[in-house]
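For the protein sequence lines, the chains are A and B, in the order given.
Under the numbering used here, read the first sequence as residues 145 to 450, first letter to last.
Under the numbering used here, read the second sequence as residues 9 to 377, first letter to last.
Remarks on the structure that follows.
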Amino acid sequence: MGIFEAILLTVITAATPVVIAALGELVTERSGVLNLGVEGMMVMGAACAFVATQVTGSPYIGILAGIASGALFSLLFGFLTLSLVANQVATGLAMTILGLGVSGMIGEAYVGQPGIKLPQIVFPLLADIPVLGRLLFQQDLIFYLSIALVVGVQWFLFRSRAGLKLRSVGDSHSSAHALGINVIRTRYLAVMFGGACAGLAGAQLSLVYTPQWVENMTAGRGWIALALVVFASWRPWRLVAGGYLFGAVSISQLHAQAFGIGIPSQFLSALPYLATIAVLILISHNRRTTLINTPAALGKPFVPDR
Amino acid sequence: MRIELEKRPDVSRLFSILSPFIALLLTLVCGAVMFMMLGKNPVAALYGFFVEPLMEVWSLHELAVKAAPLILIAVGLSVCYRSNNWNIGAEGQFIMGAIAGSILPVMFHEWNSPFVLPLMMLFGMLGGALFAGIPAFLKAHLNTNEILTSLMLVYVAQLFLDWLVRGPWRNPGGLNFPETRTFEASAILPEMIASGRTHWGFGFAILAAILIWFMMRYTLKGFEITVLGQSERAGRFAGFSSRKMIWFSMLLSGALAGLAGISEVSGAMQQLRPVISPGYGFTAIIVAFLGRLNPLGIVVAGLVLALTYLGGEAVQVSLEISDKVTRVFQGLLLFFVLSCDTLIHYRIRLVASKLAGSATAAATTDGAR
């Protein structure tokens, strides 16, 4: 395997969790709900996936545990913001704080244990294609899932009736309600989908990216996923491009650290965060396009009248 | 069964006062269940967590030391949140305030003068305010979401501090430990009360709370903050500028977080280390909401959250419970505070689902009225 291939492979591995988490959040936000708790749901997924894998010995059960924990945890957010119309920003922050605490307790006994890495699934013949074969057809299940999710979400949002309903709820909940769409139920489902994706993204971190449990191991990726949704103007394809761009930045700074160029490692580590800010500025400085792209009811509470 | 909300005609005064207490009670109940699941006696654990740290003079001082940064930061955040500016990067502003305030005692440590301390505090406030000025500028002039930018900058500040204490600011006589030189006596914030460690940071916190309370209640600025927070449009008609408000609230909260940072470093640690905060900037968000964004309420809430830090340390020693329970308690508390706030604006009714028959539904409705 050449160096070029190896680098591209690490870029894909670094980008996958952010892409998955951001896709989930994209669907949630398209329904008009801003869930800032991605970081918390992600870290819960990482802890539950790792512990379930260690207990059962099967990383596939770990993946299921990650997805389930993220979805269940997001229900808490749904209950507060949808049933009790609590402030979405504050509740999202609560999710992050609680998620970091609970995941720390769940994973405490497993710190430092060597994990089980998710095995690769090799597609016969296709895997023999030079470069591409190694990159695309000799990967783990979560990578394939991420590709399926991108295609699936794009199709669902823009080609299916349910997706149209979901978008209408996110653009004007009152009109959607008047048309007989169950706004609250739609939003609950969208929140849970976002939670499940964040959980899966967390599972990727503790089963593929670094197969072990470290407290707070998401290190801000949940927040970067949130930024990615804004960057992508709530469109799945742009989100993938942005996600891989982020992967490239974070991997290139790691390689720069390894080569020992004269810049202190801390400055290089700050690069992904600074790049995120830069990209946010670029994408949002034009007020009009931002206004057009943002789901109109994003973050606004809905109380059905009787 | 499902939940239905009915808007109250007026804000419920009763629940405005009661809701934080209900939230505390629910957190305690949840905590008891959690301790039982961990196989501990819940009464003993809760007693160890919430009561024992209040029984001794030295631990009361520790409480004040931990409450000081929480109150200072949360008072500033309350102004931000009331004006609908979501600064969640106070942790970063705390760190940058600590760094800017430490310029004198680290780089000019030979200079011993009564001016050192006041200048350090001033630098701390400037450092915090300038760092909060970045998301403020980006929001006010480039329309960039302040939640994400302020949060991203926390990581940048943490890395910058890490670089300083391992690199240029490392103590030359410190056996290569990643820490700066210890501050000279003239750069240490003195103790407030003779009996223990409580330093003047706590005094700053109380003073800030009173000043901001006065501003919010009796000045035009306070009114402007409230109006712009509730309706930007209404504020515009009144001639208030939301752009100026972004700057005002962010710089104010940044300065207070920076003051908290340098007070903590100068009063409690006397040097910079790679990590100088157990997440004060994030916990202060909970403090702000538990205090219902009221500066005086925040003083009480700050003491409560400081207790969760002390309690976590106490039960770790006495009952061998992980100190992670502190974060869990804090998260639970914020959840319950937010859900109880619903009671202030809405009546909550449980409505039996349609399948269960309309008789029960009618009964619940009548009962609620």
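Just so you know, even glycine gets a beta-carbon here, dropped at the ideal spot from N, CA and C.
Where does residue 322(A) land, buried or exposed, given buried means 16+ other C-beta within 10 angstroms?
Exposed, by the Cβ-count rule.
Near-chain B residues of the region 241-254 of chain A (beta-carbon distance less than 7 angstroms), N- to C-terminal order
Look at the region 241-254 of chain A: the residues with a C-beta under 7 angstroms from a C-beta of chain B are 241, 242, 244, 245, 246, 248, 249 and 252.
With H, G and I counted as helix, E and B as strand and the rest as coil, what does DSSP make of residue 429(A)?
Three-state DSSP puts residue 429(A) in coil, outside helix and strand.
Report buried or exposed for residue 283(B), applying the criterion of at least 16 other Cβ atoms within 10 angstroms of its Cβ.
Residue 283(B) comes out exposed.
Assigned exposure category for residue 150(A) - 16 Cβ within 10 Å defines buried
Counting the other Cβ atoms within 10 Å of the Cβ of residue 150(A) gives fewer than 16, which makes it exposed.
Taking only beta-carbon atoms, is residue 332(A) less than 9 angstroms away from chain B?
So no, residue 332(A) is outside the interface.
Which listed residue (187(A), 188(A) and 209(A)) has its alpha carbon closest to that of residue 197(A)
When each option's Cα is compared against that of residue 197(A), the closest is 209(A).
Which of the three DSSP states, helix, strand or coil, is assigned to residue 338(B)?
Under the three-state reduction of DSSP output, residue 338(B) falls in the helix class.
Could you name the residues of the same chain whose beta carbon sits closer than 7 angstroms to that of residue 296(B), not counting the 5 residues immediately before and after it, in chain order?
Once the five neighbours on either side are set aside, the close Cβ partners of residue 296(B) are 82, 85, 86, 89 and 306.
Which listed residue (328(B), 270(B) and 329(B)) has its alpha carbon closest to that of residue 136(B):
It is 270(B).
Using beta carbons (cut-off 9 angstroms, strictly below), is residue 347(B) in contact with chain A?
Chain A contact via Cβ: present.
For residue 15(B), does the three-state DSSP call read helix, strand or coil?
If DSSP states are grouped into helix, strand and coil, residue 15(B) belongs with the strands.
Is there a C-beta anywhere in chain A that falls below 9 angstroms from the one on residue 330(B)?
For residue 330(B), the nearest CB of chain A lies under 9 angstroms from its own CB, placing it at the interface with that chain.
Minimum Cβ-Cβ distance from residue 317(A) to chain B less than 9 angstroms
So, not an interface residue.
Against chain B: residues of the region 257-276 of chain A by CB proximity under 7 angstroms:
None of the residues of the region 257-276 of chain A has a beta carbon lying less than 7 angstroms from any beta carbon of chain B.
Enumerate, from N- to C-terminal direction, the unbroken beta strand (DSSP E) stretches of 3 or more residues contained entirely within the region 206-257 of chain A.
Within the region 206-257 of chain A, no run of beta strand (DSSP E) reaches 3 residues while sitting entirely inside it.
Using a Cβ-Cβ cut-off of 9 angstroms, state whether residue 378(A) counts as contacting chain B.
No - not a single Cβ of chain B is within 9 angstroms of the one on residue 378(A).
Let me know the alpha helix (DSSP H) ranges lying completely inside the region 151-215 of chain A, each 4 residues or longer, listed in chain order.
Segments of the alpha helix (DSSP H) lying fully in the region 151-215 of chain A: 182-200.
Which residue comes first and which comes last in the beta strand (DSSP E) that contains residue 300(B)?
First-last for residue 300(B): undefined, no H or E at that position.
Is it right to say residue 336(A) is buried, meaning 16 or more other beta carbons lie within 10 angstroms of its own, or is it exposed?
Around the Cβ of residue 336(A), a 10 Å sphere holds 16 or more other Cβ atoms; the residue is buried.
Give me the subset of the region 234-258 of chain B whose CB atoms are less than 9 angstroms from a CB atom of chain A, sorted by chain position.
Considering only beta carbons, no part of the region 234-258 of chain B lies closer than 9 angstroms to chain A.
Residue 167(B) versus residue 421(A) - alpha carbon distance:
Taking the straight line joining both Cα atoms gives about 16 angstroms.
Are residue 171(A) and residue 300(A) closer than 9 angstroms when you measure CB to CB?
Contact annotation: residue 171(A) and residue 300(A) have beta-carbon atoms nearer than 9 angstroms.
Assumed close pair residue 157(B), residue 180(B) - CB separation to whole angstroms, cut-off 8 angstroms
No, residue 157(B) and residue 180(B) are not in contact; Cβ-Cβ is about 36 angstroms, not under 8 angstroms.
Let me confirm a value: residue 201(A) is counted as buried when at least 16 other C-beta atoms fall within 10 Å, else exposed. Which label applies?
An exposed status is given to residue 201(A), since fewer than 16 other beta-carbon atoms sit within 10 Å of its beta-carbon.
Proximal chain A residues relative to residue 150(B), where beta-carbon distance stays under 8 angstroms:
Here the neighbours are 425, 428 and 429.
Collapsed DSSP secondary structure at residue 447(A) in the structure displayed
Residue 447(A) falls in the coil class under three-state DSSP.
Please confirm whether residue 179(A) and residue 338(A) have their CB atoms less than 9 angstroms apart.
Residue 179(A) places its beta carbon less than 9 angstroms from that of residue 338(A).
Any idea what DSSP makes of residue 207(B), helix, strand or coil?
In the structure shown, residue 207(B) sits in a strand (DSSP, three-state: E or B).
Give the interface partners of residue 11(B) over in chain A, defined as CB-CB distance under 7 angstroms, in chain order.
227, listed in chain order.
Residues that residue 359(B) bridges to, as DSSP identifies them
Note: residue 359(B) sits in a beta bridge opposite 10(B).
Is the beta carbon of residue 265(B) less than 9 angstroms from the beta carbon of residue 75(B)?
For residue 265(B) and residue 75(B), no; Cβs fall outside 9 angstroms.
Compile a chain-ordered list of the residues in the region 339-366 of chain A whose CB is closer than 7 angstroms to at least one CB of chain B.
Result list: 364.
For the region 434-447 of chain A, which residues have a beta carbon sitting closer than 7 angstroms to at least one beta carbon of chain B?
Answer in chain order: 434 and 447.
Option nearest residue 166(A) by Cα separation, candidates 390(A), 403(A) and 260(A)
Ranking the options by Cα distance to residue 166(A), first place goes to 390(A).
Going by DSSP in three states, residue 284(A) sits in which element: helix, strand or coil?
Note: residue 284(A) maps to strand in three-state DSSP.
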